[in-house]
Structure formats: C-alpha cells, structure tokens
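Residue numbers (this note's numbering): 10 to 136. For every residue, glycine included, the Cβ atom is placed at its ideal position computed from N, Cα and C. Please read these numbers as outputs of a predicted model, since none were measured by experiment. Since the structure comes first, as structure tokens, the remarks are kept for the end.
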C-alpha cells in the first residue's frame, strides 16, 4: 500500500510539473518597466524619460531624453533591449554604449532596429 501511494504521489507531481511547462503565453513587456535605472544613476543626478517608439524607413526607432541635473559631467552606459510582441529578445542584440553628459544638459539616446519583429523596447542606464 505504501509503495502504491508513493507511486501515485510521483505521478501527480510529475503531471503538475508538466502542466506548468505547457503554458505558452508571451512575456509581454510591462509598459511601466520600459526604463531601468541603476541606483547609482539616480544618485549621480541623472533623470530619463521612458523610450518612445516610432517606425521609420530604417526600421523601428526608440528614443529617450536623458538629463544631467548635477554640476559636473557624468559618463554613463546604456543599452536598448528589443523584444517582439511575445516579449522575446529580437536579434541582432544591441551592445552597450557609453556617453558623457555635460553638467546641466539634456541629450537624446536613440536606437534603431532593422528587424520588423521588434515592437517593444526597454532602456537600461548604468554607470
């Protein structure tokens, strides 16, 4: 009887784990999470807008305004992450870029993606 119950328990656990794997819903990007700032970025006096999307002749384009409110220049790194409608990475992947922002200055960060599947974007800023 004990062996039978152990076997039933194993079958139930296996069935429940496989049920979790059968879900195929997308990983859509939350529109409130399109901008990620490291704490060090905020401490350095950097502010940023969420990236906006537009479609141009070269493909999908994302742009965001980044401002330096401090009294000294700040060098930061950034990367745009592109996703399809289901929330999956779209290749080719962008590489991290570096930019120096002078004191009390706003700049625009721009990325263009040629893959027509790119429909969502997230911007990550870090020092």
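Contacting residues, own chain, Cβ-Cβ under 6 Å from residue 107 (five flanking each side not counted): 86
Tell me the rounded alpha-carbon separation between residue 119 and residue 71. 6 Å
Just to check my reading of the structure: residue 123 and residue 67 have Cβ atoms closer than 8 Å, yes? What is that Cβ distance to the nearest angstrom? 7 Å
Within its chain, find whatever has a CB closer than 8 Å to the CB of residue 14; leave out the 5 residues flanking it on each side and keep chain order. Only weak support exists for where residue 14 lies, its pLDDT of 47 falling under 50; the coordinates are left without a value.
Taking DSSP as the reference, what is the three-state secondary structure of residue 123? Correct three-state label for residue 123: coil.
With a CB to CB cut of under 8 Å and the five nearest residues on each side skipped, what residues in its chain are close to residue 45? Closer than 8 Å at Cβ, skipping near neighbours: 131, 132, 133, 134.
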